[in-house]
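Data block below; observations after.
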Amino acid sequence: MKILRARFVTLARLGVVAILGLSASCTAPSSPGTSSSNPGTRDTFVLGLASEPDTLNPVLGYEPDGGSLLFDGLVRRNADLTLAPALAERLPDVKGTTVTFTLRQGVRFHDGTPLTSDDVAYTYQAVLDPKNNSGIRGDYTAIESVEAPDPATVVFHLKHPYAPILQRATLGIVPRRLLQGQSLDKAAFNTKPVGTGPYRFVSWTPGDKVVLEANQSYWGGAPAIKRLVMAYSADDNVRATRMAAGEFDATELPPKAAARFEDQAGLTVYKVPSADYRGVMFPLDAPVTGDKAIRKALSLALDRSAMVGAILAGAGRPAFGPVAPGTTWHNPAVDGTPTPDRDQAARLLDQAGWKPGSGGVRVKDGTPASFTLMYPAGDSLRKDLALAVASDAKKIGVDVRLAGLDWDAIEPRMAKDALIMGYGSPYDPDYINYEMFHSSFSGQGFFNPGHYKEPDVDALLEKGRAETDPTVRKQTYDALQQRIRDDEVWTYLVYLQHVYVVRGKWTGIAPAVEAHEHATGGLFRTLAEWKPAA
């Protein structure tokens, strides 16, 4: 499922996260009277997005980290990534294995029916129910049960103390009466949802667009943008062309595709820091990529500085681990040199028995140092990164064969072929890292596709999610990051800045450090608060 693939490419961290730095290229608006200089003259706002969801049901994985405009969670995130109440009246204390929320009074779903604690309890119970086959179920396994003792109270009973439980409370709440007793994979709700959020559903044309309208009765106040169209196009160049033609009011683009808009009147280019990385995922049971010497030599040989400069047009930074520099949970000892050290890479390969062979490709015990590196064919950024990896690998005698495929072709090959993957989120280090590196998730789709299995790493992950002392948690996740680096489970390439182009002048735009899954969960997450600038 596309939405799960997008979501699986996400990480997170608990606590206040330091802003990594934000730049915006601002230009003067175009002449008065045009829609670009005065966006308030029309009610419809069109977003150009790269990835279309498979479902609009939060239980099945739609925007669980709080990016939806259709749904609210019990809590929401501020621009500095601290948590604030949403459907909850206030943030509860988190102590031990019981967490109690009191609901905000007077909240109604889009069909006019009131929100109650039964809806909240049902939402989480439905995620946890194995029959629903929710792709996000693993994120909530610390929850033993959820009960609704009265209409305004929700009580979470945990299997063990779980530090990120409030971070998980961003999950959108669904109305129990519209889903209970149904097979969720076939529910009409999945394509015609009813939430409590600032926008209500109007229509969905698959392969084209989703149309929303402002919820005039929204508990947080009615949005200024009355009609919102989310138009989907996976092709970066197509989105850039449609933005230039005036079809989009805002879009997300790779840095090079956005460069053409830098100095255009009436447009603003936002470069937003993120915890979103790209890296090479290695199948660890394969003959060549299963050799740590190959993986470490490849990491040494890569010119990450050139990747940032040429491929990202400067909108990013070199990456060496799964937790972003500048965030609370990053281990600064997990670092490296952004320029290549190919002499050291060659020595490492020599010592491991990989000797120069015919055609410049190294060989060990008759096996050539050759492997396939896949990338999603429609992703120009990952293609460019794959080309750079192959070029740098060749310089140390490693043959990397490239394969641009669609996701349906990629998924069954991940146990034997490497892949340019993306993950990352700034909320809590338990996010994604548990699913990515714990042996219990080995080979479960896009979770731990390389089949990494280390008991001491499992122990670190289990300790980190159960520990409530921030100091001990930091030490635990520092050790985890160092171990992942030492084992070269992935070769991390770059952290991205997410780049957006917005037409016209608006207040209410609040950039924040972003996770891999941006789209409506990135710069556009506050669209309900955007207002035309005076």
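Numbered per mature numbering (1 follows the signal peptide of the UniProt record, and there is no 0), the sequence shown spans residues -28 to -1, 1 to 506.
We treat Cβ as the ideally placed atom computed from N, Cα and C, and that holds for glycine.
No experiment lies behind these values; they were computed from the predicted model shown.
**Asked** So is Trp479 buried or exposed if we call it buried at 16+ other beta carbons inside 10 Å?
**Response** According to the sequence displayed, residue 479 carries Thr and not Trp. It is exposed - the Cβ of Thr479 has fewer than 16 other Cβ atoms within 10 Å.
**Request:** From the DSSP output, read off the bridge partner residues of Pro340.
**Result:** Val335.
**Asked** Would you say the beta carbon of Val47 comes nearer than 8 angstroms to a heavy atom of the ligand GDP?
**Response** Ligands are entirely absent from the displayed structure, and the ligand GDP is therefore not among its contents.
**Item:** Asp416 to Pro384 span [Cα, whole Å]
**Value:** Going by the sequence as given, residue 416 is Gln instead of Asp. Cα to Cα, the separation comes out at about 11 angstroms.
**Cβ separation of Tyr242 and Val47, assumed to be a contact under 8 angstroms, to the nearest whole Å** = With 8 angstroms as the limit, Tyr242 and Val47 do not qualify as a contact, their Cβ atoms being about 25 angstroms apart.
**Message:** Quick check on DSSP: helix, strand or coil for Glu407?
**Reply:** helix
**Asked** Nearest CA to the CA of Leu21: which residue from Ser117, Ser205, Gly38 and Ile137?
**Response** Ser205
**Asked** Under a three-way DSSP split, which group does Ile137 fall into?
**Response** helix
**Prompt:** With a cut-off of 8 angstroms, do at least 3 Cβ pairs link the segment 147 to 161 to the segment 91 to 104?
**Reply:** yes
**Request:** Return the CA-CA distance between Ala217 and Thr16, expressed in angstroms with no decimal places.
**Result:** Straight-line Cα distance between these residues: approximately 16 angstroms.
**Prompt:** To the nearest whole angstrom, what separates the beta carbons of Gly293 and Val306, a pair I think is in contact under 8 angstroms?
**Reply:** Between the beta-carbon of Gly293 and that of Val306 there is about 4 angstroms, and that keeps the pair under the 8 angstroms contact cut.
**Item:** Span separating the alpha-carbon of Asp428 from that of Gly288
**Value:** 32 angstroms
**Glu486 at chain B interface by Cβ criterion, 9 angstroms** = The structure shown contains no chain B; it holds only a single protein chain.
**Asked** Three-state secondary structure (DSSP) at Ala216?
**Response** helix
**Item:** Counterpart residues of Ile392 in DSSP-defined beta bridges
**Value:** Val252
**Prompt:** What residues in its chain sit with their C-beta under 7 angstroms from that of Lys355, if we drop five residues either side in the sequence?
**Reply:** Tyr347 and Gly376
**Request:** Quick one: grab the DSSP three-state call for Leu32.
**Result:** In the structure shown, Leu32 sits in a helix (DSSP, three-state: H, G or I).
**Message:** Between Gly329, Ile481 and Val18, which has its C-alpha nearest Lys181's C-alpha?
**Reply:** Val18
**Prompt:** CA-CA distance, Tyr467 and Arg80?
**Reply:** Between the alpha carbons of Tyr467 and Arg80 lies a gap of roughly 40 angstroms.
**Prompt:** Between Asp433 and Tyr395, is the Cβ-Cβ spacing less than 9 angstroms?
**Reply:** The residue asked about is misnamed: residue 433 is Leu in this sequence, not Asp. Result no, Cβ atoms of Leu433 and Tyr395 do not sit closer than 9 angstroms.
**Request:** Give every residue of the same chain whose Cβ lies closer than 7 angstroms to the Cβ of Glu61, excluding the five residues on either side of it in the sequence, and list them in chain order.
**Result:** Thr74, Leu75 and Arg76
**Request:** Label His410 either buried or exposed according to how many other C-beta atoms from any shown protein chain fall within 10 Å of its C-beta, with 16 as the threshold for buried.
**Result:** Buried, since its Cβ has 16 or more Cβ neighbours within 10 Å.
**Request:** Along the alpha helix (DSSP H) that carries Arg457, what are the first and last residues, could you check?
**Result:** Pro442 to Asp459
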